[in-house]
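Undergrad: One structure, as structure tokens, below. Some questions next.
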Amino acid sequence: MEIYDVVIIGGGPAGVSAAIYAKRKLLRTALITKEIGGQVLLTSNIENYPGFVERSGMKLAEYFEQQLKEVEVEIFEDTVREVRIEGKMFKAICEEGREFYCKSVIATGGGSHKKLNVPGEEEFFGRGVYVCATCDAPLTKNKIVAVVGGGNAAFQSADLLARYAAKVYLIHRRGEFRADGILVNRVKGHANVEMITNAVIREIRGKDRVESVLLENLESRQLFDLPVQKVFIEIGKEVKVDYLKGLVQTNEYGQVIVDRLQRTSREGIFAAGEITDLPYGQAIISAGQGAVAALAAFDYISEKKY
Ligand SMILES: Cc1cc2nc3c(=O)[nH]c(=O)nc-3n(C[C@H](O)[C@H](O)[C@H](O)COP(=O)(O)OP(=O)(O)OC[C@H]3O[C@@H](n4cnc5c(N)ncnc54)[C@H](O)[C@@H]3O)c2cc1C
1 MEIYDVVIIG GGPAGVSAAI YAKRKLLRTA LITKEIGGQV LLTSNIENYP
51 GFVERSGMKL AEYFEQQLKE VEVEIFEDTV REVRIEGKMF KAICEEGREF
101 YCKSVIATGG GSHKKLNVPG EEEFFGRGVY VCATCDAPLT KNKIVAVVGG
151 GNAAFQSADL LARYAAKVYL IHRRGEFRAD GILVNRVKGH ANVEMITNAV
201 IREIRGKDRV ESVLLENLES RQLFDLPVQK VFIEIGKEVK VDYLKGLVQT
251 NEYGQVIVDR LQRTSREGIF AAGEITDLPY GQAIISAGQG AVAALAAFDY
301 ISEKKY
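In terms of the UniProt record's numbering, the sequence shown is numbered consecutively and its last residue is 306.
Here it is in structure tokens:
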């Protein structure tokens, strides 16, 4: 039976970084992932990853893959369905039936942004429709912007975008907001922010670029066209950690709770990146957490003296 020191689940920035660090500690490492790059592959313009000036997310993912090959990480294109405890070991079971025995697991399955599922959303994604204000706020300089959502993410985005954009509409389907009162008050303090409540976007419209959103007022059922140039969808993220079910503690959003060494509540299982309860979702942060997880896994294996 082959036994890996560490099985890394996910090939986004967190998983790639964890794999590089694990190999440099001479750990026998398997990286199981659907693809290399994760959400970076959806990023047309990445301007805040230190040292990377080429901007294209596809290019960064290519470099990830190149570096993984250089350090000879064993990469398996598959999806982990379940992680089980087998005596002192873990067993990762994949959808294609493969099984991997290992001394430690680093889960880096990432997340995905919830969608509105309206016409125009896919068509203009990355060129007028965005999901990350921290990433794309500079594109809104002097523009008219719509932010969709009523939670903390939407209000944090509106707060940031109000500093760049000429006008920000915050569109929410309810009359009240889930966001913290202090954030709501801060956003209300921006003279260029207008709240549109009890309304939903039915369509994102435009010819070559976003020109407006079609809104429906949920009380009057009236439809009206609101001219905007950028739309930020901030209605939450989904984290899928079914394969760790019952093994690790998660928070109310389903994110894996970790300590500062990326340790989960289960000894030997580490987690890094957007799968965790850290509130910031950025490539560099995931990569940093991945590195910490690999070093902590190395210490764990060394101390356990397998
Ligand atoms: C449109 C867009 C623009 C962005 N722009 C920027 C930007 O400009 N700057 C920036 O820093 N960040 C940006 N981000 C955010 C950044 O991409 C993420 O924060 C980062 O990719 C998260 O890395 P991660 O490794 O934690 O997870 P992910 O990138 O989500 O990677 C997770 C990986 O795990 C795999 N996986 C999931 N479940 C399983 C399983 N069960 N078995 C095997 N594999 C699995 C996935 O297929 C994926 O490869 C952007 C995100 C989006 C969507």
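The C-beta atom is built at its ideal place from N, Cα and C for all residues, glycine as well.
For Asp208, does the three-state DSSP call read helix, strand or coil?
TA: For this step, residue 208 is matched to residue 208 along the sequence shown. If DSSP states are grouped into helix, strand and coil, Asp208 belongs with coil.
Undergrad: For the segment 98 to 138, list the beta strand (DSSP E) runs that are entirely contained and at least 3 residues long, ordered along the chain.
TA: The qualifying runs are 99 to 107, 111 to 113.
Undergrad: Under 7 Å from any heavy atom of ligand 1, does the C-beta of Glu47 make it?
TA: Within the sequence shown, numbered from 1, the residue matching residue 47 stands at position 47. Checking the Cβ of Glu47 against ligand 1 gives yes.
Undergrad: Helix, strand or coil, according to DSSP, for Arg186 in the structure here?
TA: In the sequence shown, the residue the question calls residue 186 occupies position 186. DSSP places Arg186 in helix when its eight states are reduced to three.
Undergrad: Just list the residues that DSSP pairs Arg263 with in beta bridges.
TA: Here residue 263 refers to the residue found at position 263 of the sequence shown. Answer is Phe270, bridged to Arg263.
Undergrad: Is the closest heavy atom of ligand 1 to the C-beta of Tyr243 under 7 Å?
TA: Reading the sequence shown from its first residue, position 243 is the one you call residue 243. Result yes, Cβ under 7 Å from ligand 1.
Undergrad: Applying the 10 Å Cβ sphere with the 16-neighbour rule, what's the burial state of Asp259?
TA: Working through the sequence shown from its first residue, we reach residue 259 at position 259. Exposed, by the Cβ-count rule.
Undergrad: Closest by CA to Asn192, which one among Asp225, Glu203, Ala199, Val147?
TA: Residue numbering aside, residue 192 sits at position 192 when the sequence shown is read from its first letter. It is Val147 whose Cα lies nearest to the Cα of Asn192.
Undergrad: Measuring only from the beta carbon, is Ser286 closer than 7 Å to any heavy atom that is part of ligand 1?
TA: As a first step, residue 286 is located in the sequence shown; it is residue number 286 there, counting from the start. Yes; taking the cut-off as 7 Å, the Cβ of Ser286 has a heavy atom of ligand 1 nearer than that.
Undergrad: State the CB to CB distance for the pair Val131 and His113, rounded to an integer number of angstroms; the pair is presumed to be in contact (CB under 8 Å).
TA: Here residue 131 corresponds to residue number 131 of the sequence shown, with the count starting at 1. Here residue 113 corresponds to residue number 113 of the sequence shown, with the count starting at 1. With a Cβ gap of about 4 Å, Val131 and His113 count as contacting.
Undergrad: Using 10 angstroms around the beta-carbon of Val53, count the other beta-carbons present and answer buried if the total reaches 16, otherwise exposed.
TA: As a working note, residue 53 is residue 53 in the sequence shown. Per the 10 Å Cβ criterion, exposed.
Undergrad: May I ask which residues mark the beginning and end of the alpha helix (DSSP H) holding Lys69?
TA: The residue given as residue 69 occupies position 69 in the sequence shown. Element bounds for Lys69: 57 to 70.
Undergrad: Counting only the same chain and skipping the five closest in sequence on each side, list residues whose C-beta sits under 6 Å from that of Asn92.
TA: Residue mapping note: residue 92 aligns to position 92 of the sequence shown, counting from 1. This sequence places Ala at residue 92; Asn is not what is there. Excluding sequence neighbours, Ala92 sits near Val7, Val80, Val83, Phe100.
Undergrad: Cα separation between Thr33 and Asn217?
TA: If you number the sequence shown from 1, residue 33 lands on position 33. If you number the sequence shown from 1, residue 217 lands on position 217. Rounded to the nearest angstrom, the two C-alpha atoms are 42 Å apart.
Undergrad: Over what stretch of residues does the alpha helix (DSSP H) that includes Pro24 continue unbroken?
TA: Taking the first residue of the sequence shown as 1, we reach residue 24 at position 24. It should be pointed out that residue 24 corresponds to Arg in this sequence rather than to Pro. First-last of the alpha helix (DSSP H) with Arg24: 13 to 24.
Undergrad: Am I right that Gly288 and Gly12 are in contact with their C-beta atoms under 8 Å? What's the rounded C-beta distance?
TA: Within the sequence shown, residue 288 is the residue found at index 288, counting from 1. Within the sequence shown, residue 12 is the residue found at index 12, counting from 1. That pair is no contact at about 13 Å.
Undergrad: Could you please give the first and the last residue of the uninterrupted beta strand (DSSP E) stretch that includes Asp5?
TA: In the sequence shown, residue 5 corresponds to position 5, counting from 1. Segment 3 to 9, the beta strand (DSSP E) holding Asp5.
Undergrad: When you measure from the CB of Pro279 to every non-hydrogen atom of ligand 1, does any distance come out below 7 Å?
TA: Walking along the sequence shown from the start, residue 279 turns up at place 279. No; taking the cut-off as 7 Å, the Cβ of Pro279 has no heavy atom of ligand 1 nearer than that.
Undergrad: Which partner residues of Phe232 appear in the DSSP bridge assignment?
TA: To locate residue 232, count along the sequence shown from 1; it is residue 232. In the DSSP output, where bridge partners are listed per residue, Phe232 has Tyr130, Val147.
Undergrad: Would you list the residues sitting across from Ala199 in a DSSP beta bridge?
TA: Locating residue 199 in the sequence shown gives position 199, counting from the first residue. Answer is Asn217, bridged to Ala199.
Undergrad: Taking Cβ positions, are Thr197 and Gly175 nearer each other than 8 Å?
TA: Looking up residue 197 in the sequence shown gives position 197. Looking up residue 175 in the sequence shown gives position 175. Yes, the Cβ-Cβ distance between Thr197 and Gly175 is below 8 Å.
Undergrad: With DSSP collapsed to three states, give me the class of Leu295.
TA: Working through the sequence shown from its first residue, we reach residue 295 at position 295. Of the three classes helix, strand and coil, the one that applies to Leu295 here is helix, per DSSP.
Undergrad: Less than 8 Å between the beta carbons of Ile9 and Thr108, yes or no?
TA: Position 9 of the sequence shown, counted from the start, is the residue given in the question as residue 9. Position 108 of the sequence shown, counted from the start, is the residue given in the question as residue 108. Yes, Cβ-Cβ distance for Ile9 and Thr108 is below 8 Å.
Undergrad: Can you pull the DSSP bridge partners for Asp225?
TA: On the sequence shown, residue 225 is found 225 positions in, with the first residue counted as 1. DSSP output for Asp225 lists Leu214 as bridge partner(s).
Undergrad: Run the CB neighbour count on Glu234, radius 10 Å, all protein chains shown included, and call it buried at 16 or more, exposed below.
TA: Here residue 234 corresponds to residue number 234 of the sequence shown, with the count starting at 1. Label assigned to Glu234: buried.
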